[in-house]
Amino acid sequence: MDLISEYWIYFPAFVAVITILVFVHEYGHYKIARLCGVKVDVFSIGFGKELFGWYDKNGCRWRISAIPFGGYVKFFGDAGVASNAETGLDALSEEDKSVSFHHKKLWQRAAVVAAGPAANYLFAIVALTILFLTLGQAHTPPIATKVIDDSAAMSAGIEPGDRILSVNGDEIDSFEQLRQKVVVGLNEPLNMKIDRGGEIVFLDITPKIVEHVDADGNVQKIGQLGIRSEKREFRQHGLFSAMSSAVDQTWFVTTATLKGAGQMITGARDTKELSGPIGILKMSGDAAKRGSSLSDNLLSLFNFMIFVSISLGLINLFPIPMLDGGHLLFYVIEAIKGKPLGEKYMEFGFRIGLTLVLMLMIFATWNDLNKYLFKDSLDFLTGLFS
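Letter 119 of the sequence shown, counting from 1, is numbered 112 in my numbering, and no numbers are missing.
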């Protein structure tokens, strides 16, 4: 297979994922802003030169721009896409002040800002609910059908046929739940409640840390018990159980991401696992061609999109100026002080935020280059740009 035919799917898949999720995120801002009476000047998918666009009945310019790496909503009274206030806002007429974002009540501004990440989370929950309702949810009973030799499980005394009931007091309903706790926790000690042929047994077990290479070629440190469960089922859901499972899965991805970030900070997890735009580009393409049929490929890409949507919502809540979480932090300070931060402090905060975001992007991109360019993968990027 030549390089062009092998890699043609990467850019379309990447653009599809980014465009849909950016639209969801920005539409969250837009919708709540309109409900709060804010005039929206621009709704842009992408940055840079406008490729095409149109005005709606409210005077908002909807535009598709040349650089598909994000997007923004510009409110009336904003000086730029970062929602910093224009100078001279106090000179506006009362009519203009009534539709200016920066003249809205504090709770309204906070609601508008929080709506973007909330929309990403809502998208993920709705999408997972639809999947669980239509296809069911993969489910494996938490029973150790096989215990690997010289594993943490064997050392702790787990035997074939043992059913794991709980871990550290949390009930376990499936092998997937057990695996999530072990993989993310690395070598954290676990207290397990086990049903052994009707007898309740308690065991303490410390997983071993191993390096796992996933389907995309990424190397990750994970915790491993050393047990297998070979029975796999699809659990059918009603509406409410599907929604509950969707919320649980979304919560797991959120907490696992935060835990992984904490482990990177403390050094327990390698920062090389962090991915940037090139990594998302490759994973989008891999997800879009992973199945044996078009429907399988689309389902794989859809699942990947759900994961990225949760990640996008979470990252935007980080209290870093330039991100939605940074704006919310300023609003918390405003609520405490009773007045907004001074313009100099806010400008200083935005400069720090921009620096942090750029440094993180550069670092993540460097990781991607090491994974996909410098380490036996020159053909990947060569194929992308051929």
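By construction, the Cβ of each residue, glycine as well, lies at the ideal position given by its N, Cα and C atoms.
Note on the segment 169 to 245: whole beta strand (DSSP E) runs with a minimum of 3 residues are 183 to 189, 192 to 198, 201 to 206, 212 to 217, 226 to 228, in chain order. With the rule of 3 Cβ pairs closer than 8 Å, the segment 21 to 34 counts as touching the segment 101 to 109.
In this structure, alanine 145 sits away from proline 182, with a CB-CB distance that is not shorter than 8 Å. In summary, isoleucine 123 is exposed, with fewer than 16 beta-carbon neighbours lying within 10 Å of its beta-carbon over all protein chains present. Using a C-beta cut-off of 8 Å, the segment 31 to 49 makes no contact with the segment 114 to 134, since fewer than three inter-stretch Cβ pairs fall below that distance. Here glycine 46 carries a strand assignment [DSSP, helix/strand/coil].
Secondary structure at lysine 67: strand, using DSSP grouped into helix, strand and coil. Alanine 131: member of the beta strand (DSSP E) spanning 130 to 132, first to last residue. Taken through DSSP and simplified to helix, strand or coil, glycine 39 comes out as strand. Contact between the segment 157 to 176 and the segment 216 to 236 is established, with three or more Cβ pairs separated by less than 8 Å. In the DSSP assignment, glutamate 164 is bridged to Ser159. DSSP lists Arg221 as the beta-bridge partner residues of lysine 139.
The way I'd put it, the segment 180 to 198 does touch the segment 151 to 167; three or more beta-carbon pairs between them come closer than 8 Å.
In this structure, DSSP gives phenylalanine 311 a state outside helix and strand, which the three-state scheme calls coil.
In the DSSP assignment, no residue is bridged to serine 86. Non-local C-beta neighbours of arginine 56 in its own chain, meaning closer than 6 Å and more than five positions away in sequence, comprise Ser37, Glu43, Gly46, ordered along the chain. Selection Phe62, Glu204, Phe227 evaluated against serine 167 yields Phe227 as nearest (Cα-Cα). Residues Thr138, Lys139 of the same chain have their beta carbon placed closer than 7 Å to that of arginine 221, with the five preceding and five following residues left out of the count. Arginine 56 is bridged by DSSP to Ser37, Gly46. Within the model, the alpha-carbon separation for aspartate 163 versus glutamate 327 is close to 39 Å. DSSP, read as helix, strand or coil, puts proline 153 in coil.
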